[in-house]
Amino acid sequence: MKFTLSWLKEHLDTNATLDEIEFALSDLGLEVEGIENPAERLREFTIGKVVQAEKHPDADKLRVCQVETDEGKLQIICGAPNAREGITVVVAKPGVYVPGIDTTIGVGKIRGIESYGMMCSEREMELSDEHNGIIELSFGEVGQSFTDWLGAHDPAKVDPVIEIAITPNRPDALGVRGMAARGLGQLITKEVAPIKGTHPCPISVSIDADTLDQAPVFYGRVIKGVKNGPSPQWLQDRLKAIGLRPISTLVDITNYFTYDNNRPLHVFDADKVAGNALRVHRAVGGETFHALDEKEYTLVEGMTAISDANGVESLAGVMGGTASGCSDDTVNVFVESAFFDPIRTAYTGRALKINSDARYRFERGIDPEWTPSGLDAATQMIIDLCGGEASEVVVAGAIPDHSRAYKLDTDRVQSLVGMDIPALEQRDTLERLGFTLEGDMAHVPSWRPDVQGEADLVEEVARIASLTKLVGKPLKRAVAGVPKQILSPMQKREQIARRTAASLGYNECVSYSFIDQAAAELFGGGSDATMLANPISSEMSHMRPDLLAGLLQAAARNQARGFVDLALFEVGPVFHGGEPNEQALQVSGLLVGRTGPKDVHGASRAVDLFDVKADVEAILAALGAPAKVQVLRDGAAWWHPGRHGRI
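Take a look at the structure:
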């Protein structure tokens with residue numbers, strides 16, 4: 020997530036320096052990955068004035084310029100077409116590093132004539148891609164720092180850009196305003212005034228009944244009579260600073276709110292919406308969709324689609340389509356502000372391999388309560404920058420209820436974190452972060468889906484108070500003497516089984532508890548009860564029903580790399596359902612190939628049933644199992660009916 024310092028200060032009233040803000044962000048858990056500060060990069064560049072420019076005697080396209088600088092006149096040879104007498108320029112003297120060409124300027128000879136510096140273009144200073152000529156300033160004092168000049172006359176060019184790492188549970192930090200609300204200063208209040216429509220909306224919206232769980236609410240309105248085109252310079256500068264390419268005013272506005280308020284929006288060309296109606300529905304499978312990334316996708320059954328009379332126009336929460344996309348000729352626009360299910364959005368984006376800013380935010384969770392406000396805020400900016408008249412708002416569905424409250428126990432900060440924070444300070448911290456307190460109950464703001472319990476309240480308080488103030492203290496001994504044992508009998512057995520297996524020569528494997536459905540089905544699993552809601556990949560879609568599935572895969576990988584004699588084991592949980600009581604602890608081993616080192620005669624033999632039997636009996640004996648046992652042949656279906664034994 021990237022943002023500029025000036026952008027942050029539009030939402031945050033603070034006098035903190037850049038270094039203080041960097042420390043505060045990292046201290047709050049928003050790790051700063053880097054800061055790009057053009058002011059520091061351009062500090063050594065100064066302003067000069069060309070007082071004489073003559074053609075180079077041995078080169079038609081070069082000019083020998085006499086440039087007035089803070090060190091007197093310097094002779095600089097320049098090949099720019101606009102190098103001429105009388106212009107004010109930016110000079111890099113010998114010893115100055117020029118980032119755009121990755122070169123430190125020195126004194127050199129060009130066609131036999133010495134040159135003592137360089138007059139720079141914007142691209143050479145990494146200010147823009149402009150390189151048709153050197154920078155011409157309309158005014159400026161000779162010797163003045165170019166950084167100071169930019170700070171006074173074009174501050175966007177030297178605005179520091181901050182990049183932070185976002186963990187999946189912190190979607191509130193995917194908007195600049197969300198970061199400003201983290202306690203760095205005083206959050207600036209910004210009310211969004213409702214925009215009253217001047218006419219009925221000509222485009223209707225509906226959500227199929229079986230799709231409300233995937234798309235609970237959809238707000239939209241038409242703005243007619245807009246004039247699209249390049250966005251204003253301030254908006255282009257802001258998007259360029261964070262690595263986005265300006266496209267047009269309408270599109271740039273949606274990108275702005277995506278980063279400003281973590282509010283993805285979409286704009287349709289209203290005149291291209293066939294039938295004057297949009298329908299949000301589940302895909303039946305097989306529909307084709309030409310997206311804004313110029314690629315065509317085939318939808319899978321269950322994906323959330325937005326269609327008009329001609330077919331799919333947009334993939335909900337992921338990407339819009341070219342059929343109804345806006346262009347410079349767009350006159351009437353339909354603005355969409357909706358809320359889509361995070362899990363379904365993640366499934367869709369992953370299945371089609373589409374990565375977009377909208378998907379990145381919807382699959383992590385946005386603020387559902389700001390859906391209508393986001394539409395009004397975007398409407399106001401469109402009218403301000405593009406003109407036009409807004410229609411009345413059309414609404415399908417209802418904003419989902421995400422309200423929840425947890426008890427604030429002010430003593431838990433001491434017991435969970437070990438910090439002594441006064442109760443009033445804890446309450447004030449939560450209120451500044453947007454929580455509403457009623458007695459000892461803290462109501463969670465709608466933009467914080469990561470807060471899911473009382474412990475999360477403690478974490479918020481401790482984070483704002485700063486965990487750097489945490490002081491290590493030795494644990495107090497409750498009573499004198501030898502303390503009672505901590506491990507339960509089952510934990511002891513687990514340790515004994517692990518140590519015994521290792522002592523028998525087995526190598527321990529530690530594998531994921533998730534496996535693919537096909538492997539799970541081989542061992543009696545793979546049902547919906549053990550399927551993950553949001554798997555990392557298709558190879559990790561189900562909880563493992565047996566440790567052998569992972570051990571066999573590990574053995575296959577080793578054999579494929581030439582390691583054919585294997586003794587592997589694993590201790591861990593297996594699952595036959597999704598509830599806490601539907602799992603068991605298992606130890607499994609696997610012998611493959613031949614026995615260990617060859618004997619004195621240079622011979623080894625293949626491992627057999629009796630090797631396994633001896634190892635099993637050794638582990639059972641270590642666990643305290645009785646010596647007299649029975650061996651039965653009623654094991655699970657994946658065992659050979661005549662070549663297995665259940666002890």
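If you read the sequence shown in this note's numbering, its first letter stands for residue 20, the second for the next number, and so on.
Even for Gly, the Cβ is constructed at its ideal location relative to N, Cα and C.
Asked: Go through its chain and collect everything with a Cβ distance to E558's Cβ below 6 Å, but skip five positions before and after it.; Found: D535
Asked: With distances taken from CA atoms, which of L258, V110, Q205 and H561 is nearest F165?; Found: V110
Asked: Indicate the three-state DSSP secondary structure (helix, strand or coil) for M138 in the structure shown.; Found: strand
Asked: What runs of the alpha helix (DSSP H), each 4 residues or longer, lie entirely inside the segment 571-650?; Found: 628-642
Asked: Could you tell me the boundaries of the alpha helix (DSSP H) in which R82 lies?; Found: Looking at the DSSP string, R82 is not in any alpha helix (DSSP H); the run it does join, the beta strand (DSSP E), is R82 to T88.
Asked: Beta-carbon within less than 6 Å of T88's beta-carbon, same chain only, minus the 5 sequence neighbours each way: which residues are those?; Found: G67 and V110
Asked: In the DSSP assignment, find the alpha helix (DSSP H) that holds Y278 and state where it starts and stops.; Found: T268 to D279
Asked: Can you tell which of T230, I483, S410 and A365 has its C-alpha closest to the C-alpha of G48?; Found: I483
Asked: With a 10 Å radius around its C-beta and 16 neighbouring C-beta atoms as the bar for buried, classify F287 as buried or exposed.; Found: buried
Asked: How is V70 classed by DSSP in three states: helix, strand or coil?; Found: strand
Asked: Pull up the distance between the alpha-carbon of V319 and that of A302, whole angstroms please.; Found: 7 Å
Asked: How long is the line joining the alpha carbons of G152 and A365, rounded to whole angstroms?; Found: 47 Å
Asked: Between which two residues does the beta strand (DSSP E) harbouring G91 extend?; Found: G91 to C97
Asked: With distances taken between CB atoms, is the gap from S157 to A415 smaller than 8 Å?; Found: no
Asked: Flag this pair as yes or no: are the beta carbons of Y425 and E473 separated by less than 8 Å?; Found: yes
Asked: Can you check DSSP and say which residues form a bridge with L31?; Found: L206
Asked: Does the Cβ of Y379 have 16 or more other Cβ atoms within 10 Å, making it buried, or fewer, making it exposed?; Found: buried
Asked: Answer with buried or exposed for Y525, where buried requires no fewer than 16 other C-beta atoms within 10 angstroms of its C-beta.; Found: buried
Asked: So L449 and A461 are in contact, right, with Cβ under 8 Å, and what is the actual spacing, rounded?; Found: 6 Å
Asked: Identify which residue in T122, P249, H150 and Q510 has its Cα closest to the Cα of L404.; Found: P249
Asked: First and last residue of the beta strand (DSSP E) that includes M460?; Found: M460 to H462
Asked: What is the DSSP secondary structure of F165, counted as helix, strand or coil?; Found: helix
Asked: Measuring straight from C-alpha to C-alpha, what distance separates E413 and G239?; Found: One point to set straight first is that residue 413 is Val, not Glu, in the sequence displayed. Between V413 and G239, the C-alpha separation is close to 5 Å.
Asked: So, helix, strand or coil for L156, using DSSP?; Found: strand
Asked: Report the CB separation of V477 from V529 in whole angstroms; it is logged as a contact under 8 Å.; Found: About 31 Å separates the two Cβ atoms, so there is no contact after all.
Asked: Are the CB atoms of D271 and V195 nearer to each other than 8 Å?; Found: no
Asked: Comparing alpha-carbon positions, which option in L585, A586 and S607 lies nearest V593?; Found: S607
Asked: Can you tell which of G597, V635, G596 and A622 has the C-alpha that lies nearest to the C-alpha of L610?; Found: V635
Asked: If you compare alpha carbons, which of E141, A644 and P235 is closest to D360?; Found: P235
Asked: For the alpha helix (DSSP H) containing D403, list its first residue and its last residue.; Found: T390 to C405
Asked: Under the three-state reduction of DSSP, which class applies to N374: helix, strand or coil?; Found: coil
Asked: Assign Y275 to one of two classes, buried (16 or more other C-beta atoms within 10 Å of its C-beta) or exposed (fewer than that).; Found: buried
Asked: Determine the direct distance from the alpha carbon of D347 to that of S267, and round the result to whole angstroms.; Found: 7 Å
Asked: Quick one: give me the first and last residue of the alpha helix (DSSP H) that K215 is part of.; Found: Where K215 is concerned, there is no enclosing alpha helix (DSSP H), given that its DSSP letter is neither H nor E.
Asked: Buried or exposed: where does G197 fall if 16 or more other Cβ atoms within 10 Å of its Cβ makes it buried?; Found: buried
Asked: For E527 versus R517, is the C-beta spacing smaller than 8 Å?; Found: yes
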